[in-house]
Every structure is written in structure tokens, then in C-alpha cells.
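Under my numbering, the first residue of the sequence shown carries the number 448, and numbering increases by one thereafter.
For each residue, glycine too, the CB sits at the ideal point set by N, CA and C.
Report on one structure; see the data block that follows.
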Amino acid sequence: MGEDKKALLVVQKYGGTSVATLERIRMVARRVKESRDDGKGVVVVVSAQAGETERLVRLAEGFDAADADRETDVIVSTGEQVSAGLLSLALLELGVKARSLLPFQIPLITDGVYRRGRIISIAADTIKGLVEEGLVPVIPGFFGISENLDITTLGRGSSDTVAVAVAAAIGADLCEICSDVDGVYTADPKICHNAKKIDRISYEEMLEIAGSGAKVVEMRAVELAAKHRLPIHIASSFSRKDGTWVLSHQTLEAPVVSAITHTLDEAKIAVRRVPDYAGLAAHVFEPLARENINVDMIVQNISADERTDIAFTVSKHALKRALAITERAAARIGAERVEAAGDVAKISIIGLGMISHAGVAAKMFDTLRKEGIGIHLISTSEIKVSVVVDMKDVERAVSSLHSAFGLA
């Protein structure tokens, strides 16, 4: 008789749509039970029910209070706590020993920054102790506690990050990100009907995909998984089929282009005819940074007459604030005018194979030219090329690039 194999230890994260109703919560509970019945140790991280965080934010915004962040975090964190309690009840209903485990009970410690905190430490022994007792710990995502015992949320989408952080802390074999999608696709199936599910992808590519519009897994979660070389399995909560495995690139063949992504949450600001001098960019971007406005793509034209143009992109929801800040900066530095466009989108091609293949960007630009699609801005990295185009051209751009790079 052979030696017993060590049981797999798995962290499963379930998103808001997966726990949106009692029926779905019971379906998730059955999925967790099946994993337990297969001999796995299971830890669960849950999001708030779909729409609940938005409802709680609206409640908090009903008050015009100064320094509201602390109390807002107290309010919005309750959505995940409810989900953790409900799923624990559903597991108990199936005869599975389960216990909700709140951040102060672990403890899961954050840096104390409200609304966008970061995880500092997780006490693994508490979680592992429950697993060893045969229980399923059910942990609410999205928030932790500071060293002063204040609740601090970690930003939207951060339940993914909590799941990966917990998995890394307890030495889990993998982290499953379960939602209403069954994996990562070569393009958005809603606009590219021949998009295919990707079976395996590297951390590097997944990081670029997460940062380029695909809302399958949060960027910080991928960064953390890559740091710990923790496999991620992105799968459907309601199917037993394999999804997409995110792994170290050393284990993978590298296609030239793995995926085409797009985001409509993009706006462009251009500062025209600025006197060109050393430190110019700092005068434009430092005021934006002070207001916590993230700038994505940046292009500065080469000066021919001691004047230059600077163009950049921000998220659409930040456009109004960013434009006001930029107009003040432009007046100080002597720019002729500031222009803004909210009807644009960013298209990206992503693939590890770009590192060793020449002409990928040229092929992208030529494909768009043949479609009569104009390009506003271009940005490149080792494994990604991004362009900003008119929003009306998004579907044609994605479909034509998907075909041109043989992803159909």
C-alpha cells in the first residue's frame, strides 16, 4: 500500500454574483462541499452580494460629513460580513462544519489607510487551526483591521487580493477565483464572438490583462500570486469545467499575442503648445498625483519650436477633476490650451512572445489602418502595445486585431 498523499489546501474566492441570492449561495456551498469530499482542505473568501456595496456606499453618501472615510469603511464592510455568515449557514445546512472568520479574529492587519488600505500581515495559525479541526473558514474579503483596530477597506475588487494573500500566508497549493465567468478569453466574448478561452497564461500576461480592461481578477492579486509563485485558477462558480490557470511563464509556450483587451473607462487630456523646458512634465503631473488621480498613458511630442504637446489618459470618472487640475497647471506653465475627450477607448495586445518577435506593433498599426481606425495615443512595454482610439471604433478594432493575430 502506497503512502498517503498530502491533501491539497485550496483557497476559493467567490464574487458578488456568485452569492447574489440564497439559491446561488447554496450552489456555492455545494461546490465547496464537493471540494471537501474530494479530500481537499478548503478556505473560502467571499465578496458582498452583487449590488450591495453600491447600496451601502449610497447610504454613507447620504450624509455631508467631514472626514467620513472611517465611518464609510465601517458601513461598506458589512456587505462581506453578511455574505460570510450566509455561506457559513449554507455549509452547515449541508452538514459541513464551517465558521465565519472576521479580520479581527484572524487577525488580518492593514496599514490603516481608509478606503484603499493594504494588507500588512495575516496570522496564518488561526486559519490553519480551523482547517486542521475539519472546519471550512469563511472569510469576508475587501477589508481588514488596522493596528488600532479600525476597519479599513482595501479598494474595489480587493476580495481577490485578500484570497491570494490568505493563500500565500497559509501555504495553500492554489487559489481559485470563482465568479460568473469561466476563465480568461482571447478577447471579450461580448464583442468578439469567436473569442476562445485561454487554458494557461503567465503571471506577466495576466497582470497586463488585468490592468488593461479585463475585470476577471484584480491586479494586486496577480502581483501577489506572482511574488509567491502561487497558481491561480480562474473558473466559474457554477461549472466544474477547467477555467484558466495563471502560472509561471517558465512552464508555458509563449504565443506572440495571447489576448486583445479593451477598456471604455478611458479619457484623454491634451495640453497644447506648452513652453518646452526641463521639469515641464513634473508641473503637469505632480498636482494630479497629489489628488490621487492615476495617469495611465503619457505621450510628449518632440519640440520643434521650443513648444510641445503633452497628452495623457485618466479614468472617465476622474476626468472632471483631472481636467480642472490640468487647466490650472496649464495656466501656470503658459500652455495655449487644454483639450479633453471622453469618447475614447484603449485597446491593448498582450503576449510574452512579443519579447522575441519583431514587427508586432507594426502589424497592429497596419491592421487598424486598413480598417480606417485612427490612433490618438500609443504606449508600449515588453509584452504589451496599447492604443487609444475613438469609442465608436472599439468593436471593429478588437475583432480585426483578434483575426490578424490568429486568435480566432
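- The residues 561, 562, in chain order, have a CB closer than 7 Å to that of residue 516 in the same chain once the five nearest residues on each side in sequence are set aside.
- DSSP places residue 453 outside any alpha helix (DSSP H), giving it a letter other than H or E.
- Going by DSSP, residue 786 is part of no alpha helix (DSSP H) but of the beta strand (DSSP E) stretching over 784-797.
- Under DSSP, residue 590 shares a beta bridge with 600.
- A distance below 7 Å between beta-carbons, with the five flanking residues on each side excluded, links residue 570 to the following residues of its chain, in chain order: 553, 554.
- Residue 775 counts as exposed, since fewer than 16 other C-beta atoms from the protein chains shown sit within 10 angstroms of its C-beta.
- For residue 653, the closest alpha carbon among the candidates 636, 844, 787, 680 is that of 680.
- A distance below 9 Å separates the beta carbons of residue 639 and residue 842.
- Here residue 655 is buried: its Cβ has 16 or more other Cβ atoms, across all protein chains shown, within 10 Å.
- In the DSSP assignment, residue 557 falls within the unbroken beta strand (DSSP E) covering 555-557.
- Distance from residue 609 to residue 475 at the Cβ level is roughly 17 Å; contact not present, criterion being Cβ atoms closer than 8 Å.
- Nearest neighbour of residue 568 by Cα position, chosen from 797, 614, 765, 784, turns out to be 614.
- Of all C-beta pairs linking the segment 592-606 to the segment 628-637, fewer than three are shorter than 8 Å, placing the two stretches out of contact.
- Contact between residue 826 and residue 744 holds: CB atoms are separated by about 4 Å, below the 8 Å threshold.
- Scanning the segment 800-838 from its first residue to its last, the whole beta strand (DSSP E) runs of 3-plus residues come out as 824-828, 831-837.
- Relative to residue 664, the option among 629, 523, 642 whose CA is nearest is 629.
- Closest option to residue 818, judged by alpha-carbon separation, among 832, 498, 839: 839.
- Taken atom to atom, the span from the alpha-carbon of residue 717 to that of residue 809 is near 25 Å.
- DSSP places residue 712 within a strand segment (E or B) once states are collapsed to three.
- Here the segment 726-736 makes contact with the segment 766-784; the two share three or more CB pairs at distances below 8 Å.
- In this structure, the alpha-carbon of residue 531 lies about 6 Å from that of residue 587.
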